[in-house]
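Read the structure below first, then the notes.
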Amino acid sequence: AFVADNGSDVRDRGETLFQSAFAPQAARAVIEALRELVGTEFIGSGPGGTYMGRDISAWLAERMAFYCPALTTVDSLEDVADRLFTFSADRPGGLQPGEFDALQRRLDGVAHVTSSGHQNIDIVVPGVNKAAGLALLTRRWGVEPEAVAAFGDGGNDVAMLRWSGYGIAMGNAPEAVKAEAGYLAPG
């Protein structure tokens, strides 16, 4: 079983239990907003894999290949026929102060902006997160949240850390994430 793409894809023993993708108009709004962040590069993920535009730098392509071994290069993410679950964006040095909040305000109601650490951002459908995915699996298995241990180190893990009985922040997590966890792993 797994919860992937920040909760957008939940599967158990080969059965797809849940998938949440952006409506085409919402995906276009996300792409447009990301293009306006100067120097920011991004990819999109869906049930068919992870997609990156031909204009992606070698820096990001190498970084993303580590996390997404099945990358497909496309002319433009607007041309992807697959439904897109998530967008991941990055740039050397990360976002400038205020850019993260401005992006969230711009996409309010269309998308949820979070961070998975390492200076990048993840954008998902509102209401979709790892906690919701784990809740679906544990209900199916008859396991109470109090019996679940979850580990996380980024903003995209906060809901899961709060939800689980044993929310454990990794030692390298930002202080804001550590503050949400009930437990702290050694750094």
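Taking the working numbering, the leading residue of the sequence shown gets 68, the next gets one more, and so forth. The beta carbon of each residue, even a glycine, is placed where N, CA and C say it ideally should be.
Around the C-beta of R80, fewer than 16 other C-beta atoms lie within 10 Å, and the residue is accordingly described as exposed. The beta carbon of S143 lies closer than 7 Å to those of G120 in the same chain, with the five residues before and after it left out.
The shortest CA-to-CA distance from D146 to any of E211, A94, L84 and A199 is the one to A94. Around the beta carbon of N73, 16 or more other beta carbons lie within 10 angstroms, which makes this residue buried. Our two residues, E82 and A137, have alpha carbons roughly 21 Å apart in a direct line. Taking one beta carbon from each stretch, the segment 161–180 and the segment 109–126 have fewer than 3 pairs nearer than 8 Å; the two do not touch. Exposed is the label assigned to V210, since fewer than 16 other Cβ atoms lie within 10 Å of its Cβ. Here I235 is near A217, since their CB atoms are less than 8 Å apart.
For F167, there is no enclosing beta strand (DSSP E); the enclosing alpha helix (DSSP H) has its first and last residue at E166 to R173. In summary, N239 is exposed, with fewer than 16 beta-carbon neighbours lying within 10 Å of its beta-carbon over all protein chains present. Taken in chain order, the complete alpha helix (DSSP H) segments of 4 residues or longer contained in the segment 182–253 are 197–208, 225–230 and 242–245. Per DSSP, the continuous alpha helix (DSSP H) segment holding I98 begins and ends at P91 to R102. The three-state secondary structure of R158, taken from DSSP, is coil. Inclusion of L228 and G221 in the CB contact set at 8 Å is not warranted, their separation being larger than that value. Among the bridge pairs identified by DSSP, E145 is matched with none.
For G106, the three-state secondary structure derived from DSSP is coil. Excluding residues up to 5 positions away in sequence, V180 and I188 lie with their Cβ nearer than 7 Å to the Cβ of F167 in the same chain.
The C-alpha of A214 is placed about 39 Å away from the C-alpha of E108. According to the DSSP secondary-structure assignment, Y134 is paired through a beta bridge with no residue. Residue environment: V192 is assigned as buried (16 or more neighbouring CB atoms within 10 Å of its CB, all protein chains considered).
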